[in-house]
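Residue numbers (this note's numbering): 8 to 911. Only one structure is covered here, and it is reproduced in the block below.
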């Protein structure tokens, strides 16, 4: 009998299990959808209260309506249990939907009794509302992140005896009462990120024996952590101490923390010392995440040898010495992130040979690794998404296995010594790549072959030896195309105008040998850099610069006058067209460039008077009109231009780079850890060549926003120097040399308190050097040679540092450093001397053999320099061609005018 029952039961058991599974599936599909009526009523009462205590003019919580059949679990900001129907989550943050809390502290109190209907409420988020306090209720998670916070709230929290999670992030809270804070002894999670907490950690923290999650990052806590209460918080699983003012600590602090899984310590203080070596303890924990960035470690912590469950390790900027830690990868097969950038690691970069690792992000940039990469590097880390090997000493050919990393999104090999051609597999098959950075290496060959098939956000190939032409078929580049300083040739293809729909693209083709004309329709670019090529012809009248911010065309063969279309761009910040062959005058339409900060027209054939419309460009910081044929006087209205006198909020070159974040997301329990890795700057910075203090340098970033220069040298300007130029109090350098200026040096120049360089040489200035100029305490370069100045040379303060070369060619100047005494100086010009017969020797007598040998040596020297240096060879050819054009047009104009003169 029993055997039969057992047999029947065994036969029916599968049927019972099937029915149970079907029932479970039915419950999941038809989950509890109706909210509890009591809670529905409570939500409506809460809405009425909120509406009466706020000044919000728009409909508040519009989906919360009084219709009897309406389902409250589907209302906005409400989450219900799928099984019981009870409200478990109320997200009422920023119910007024303002950008930043505008209430004064203490504007309203929340009636917590309105929350009593919600018996199973687990999470309540009331952040960004300006609440000043409330009375008791039971909840186990409260969030005040970004709250317009008042300490009355904290005093009210003691009435919540089962509170387990407290988030006070991003409040700029003033010091809290440690007594009230530590009374919350049931807390399991504390988030205090981004406040103004300061001083030592309160000792009463050791009362929070259940605390498992502690994040006090981005505050001003200080002191030595070794004497803090953290040692007694043995239930901790997660701790983040980043960006405080701690003096240091020893890892023995965590000797009894057997549950510890995450340690994050990103220091904002490069002097922080962390002691990781202590022979008196062995770690009881097995970490998943270790972040020790910007700490003075010097060596890898030895306790890492005992860790086998690590998933993310960041020990960047910590002065690490030694070789690449292969053992760390071998011991932690689940490691996904390894960031060792900006240390002093040396030797070869070799990955374990017998492992196919799970690494997703690997950054060893800015170290001293050398040698060649392993041929099978791609097979050893096939899941890699980001590989940054930049700023090391790697060399050799790039392994073709690099594309075995089928998920690779970012590849940065810049600033190394890799050579050879880019592997065919890289340019044809790595279709998951988003950023490819091969810049500043020694790669050569034609990278843009017919096999190039990479859809990229950024392609950076600058400073290599690539050759060939841009392809006829459009490249799939979204944001940045930079192939500057290579050996590319051919014309600029028309597809360059519309290579993507991204609104602010960057194209940099500078320092190559592209020729032909500039195509129309460049409106969607933010930066266009075509400098130092062989481009010729007129600027097209169809050139649309509507959205362009930086246009750089320096060092080409562009001719003609400037089209009016170029001046219809209020967004243009940089206009650099120097060293071309442009002619004509500055059109009055130039005042349409209302946001222009850099104007460089140097080294062209512009003529006519300097347009007074330039004075309407009030944001200009750098104006270079040198080496042209401008005539007339210097506009008196130049003092209307800021020349660097801008607020920091108006800076445009600082921080102009696009930043591609490398934030790493790692699942941890029911949340996601955000681990900040090294970022990637897309190369969007504009570099401008500025001549200052007799030296030509490239400037970019903050320096371009701060430096201010006015250069009108090598023109045909006449008249006196306007005294109003003395109002340019923020200017750094002024060069008015090689003109025909007359009159005195304005005494108002003493107001140029930031001036570092003043060049007034080779003019016809007269009078004395104003003694008040000695107040220019930053003046490092002063040149007034070859004028008609007279009187005593100032010799105090900064002027005591200037040599006689600053004053040559002024016969009526006296006093040191000029070799003429002011006491015995003859006021009249020296009479012309009659040459004596004793010195009648012919000055032009030449030793023929010496002359011949010198000529041959000189000729061979010049030829050798031009052969070795292609840049100077090109400049020589340009000079010869310029002279030929000048002679041609001179002869042509002369012949055209000849018939008219003959008729007269």
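For each residue, glycine too, the CB sits at the ideal point set by N, CA and C.
Would the beta-carbon of residue i fall within 8 Å of that of residue j?
i           : j           : result
residue 555 : residue 533 : yes
residue 715 : residue 736 : no
residue 521 : residue 499 : yes
residue 636 : residue 722 : yes
residue 984 : residue 693 : Absent from the structure is residue 984, since the part of the chain shown begins at 8 and ends at 911.
residue 632 : residue 609 : yes
residue 703 : residue 733 : no
residue 366 : residue 327 : no
residue 573 : residue 545 : no
residue 330 : residue 349 : no
residue 226 : residue 251 : yes
residue 541 : residue 517 : no
residue 373 : residue 398 : yes
residue 815 : residue 792 : yes
residue 594 : residue 625 : no
residue 249 : residue 285 : no
residue 568 : residue 591 : yes
residue 413 : residue 382 : no
residue 873 : residue 880 : yes
residue 50  : residue 85  : yes
residue 760 : residue 726 : no
Ordered along the chain, which non-local residues of its own chain (more than five positions away) have a Cβ less than 6 Å from that of residue i?
i           : result
residue 804 : 781
residue 220 : 196, 245
residue 58  : 67
residue 321 : 298, 300, 346
residue 497 : 476
residue 765 : 741, 789
residue 481 : 502, 506
residue 460 : 435
residue 212 : 236
residue 511 : 533
residue 282 : 257
Our contact map puts residue i next to residue j with C-beta atoms below 8 Å; I'd like the distance itself, whole angstroms only.
i           : j           : result
residue 448 : residue 423 : 6 Å
residue 711 : residue 695 : 6 Å
residue 304 : residue 287 : Contact flag wrong, Cβ pair sits at about 19 Å.
residue 463 : residue 441 : 6 Å
residue 862 : residue 729 : Actually they do not touch by this definition, with Cβ atoms about 49 Å apart.
Given that a residue counts as buried once 16 or more other Cβ atoms are within 10 Å of its Cβ, and exposed if not, what is residue i?
i           : result
residue 505 : exposed
residue 71  : buried
residue 617 : buried
residue 388 : buried
residue 295 : buried
residue 355 : exposed
residue 361 : exposed
residue 742 : buried
residue 813 : buried
residue 747 : exposed
residue 290 : buried
residue 429 : buried
residue 836 : Low confidence applies here, because residue 836 scores a pLDDT of 44, under 50, leaving its location unreliable; read the following figure in that light. Classification for residue 836: exposed.
residue 894 : exposed
residue 866 : exposed
Keeping to the same chain, check which residues put their C-beta closer than 7 Å to that of residue i; ignore five residues upstream and five downstream.
i           : result
residue 243 : 218, 219, 221, 264, 266, 267
residue 493 : 468, 471, 472, 473, 519
residue 43  : 92, 93
residue 311 : 335
Take residue i and list the residues in its own chain whose beta-carbon comes closer than 8 Å to its own, dropping the five residues that flank it on each side.
i           : result
residue 446 : 421, 422, 467, 468, 469, 470, 471, 489, 690
residue 416 : 392, 393, 439, 440, 441, 442
residue 802 : 822, 823, 824
residue 826 : 811
Does residue i have its Cβ less than 8 Å from a Cβ in chain B?
i           : result
residue 740 : Looking at the structure shown, chain B is missing, and only one protein chain is on hand.
Item to complete: Pick out the complete beta strand (DSSP E) segments inside the stretch 689-723, 3 residues or longer, and give them in chain order.
Response: 695-699, 702-706, 716-718
Practice prompt. Please go through the stretch 327-374 and give each complete alpha helix (DSSP H) segment of 4 or more residues, from N-terminal end onward.
Written response: 333-338
Practice prompt. Taking only runs that begin and end inside the stretch 785-818, name each unbroken beta strand (DSSP E) of 3 or more residues, in chain order.
Written response: 788-790, 795-799
Discussion item. Just to confirm the assignment: which complete alpha helix (DSSP H) runs, minimum length 4, are found wholly within the stretch 181-241?
Written reply: 185-189
Discussion item. To test your reading of the DSSP string, which unbroken beta strand (DSSP E) runs of 3 or more residues are found completely within the stretch 537-594?
Written reply: 541-545, 557-559, 564-567, 581-583, 588-591
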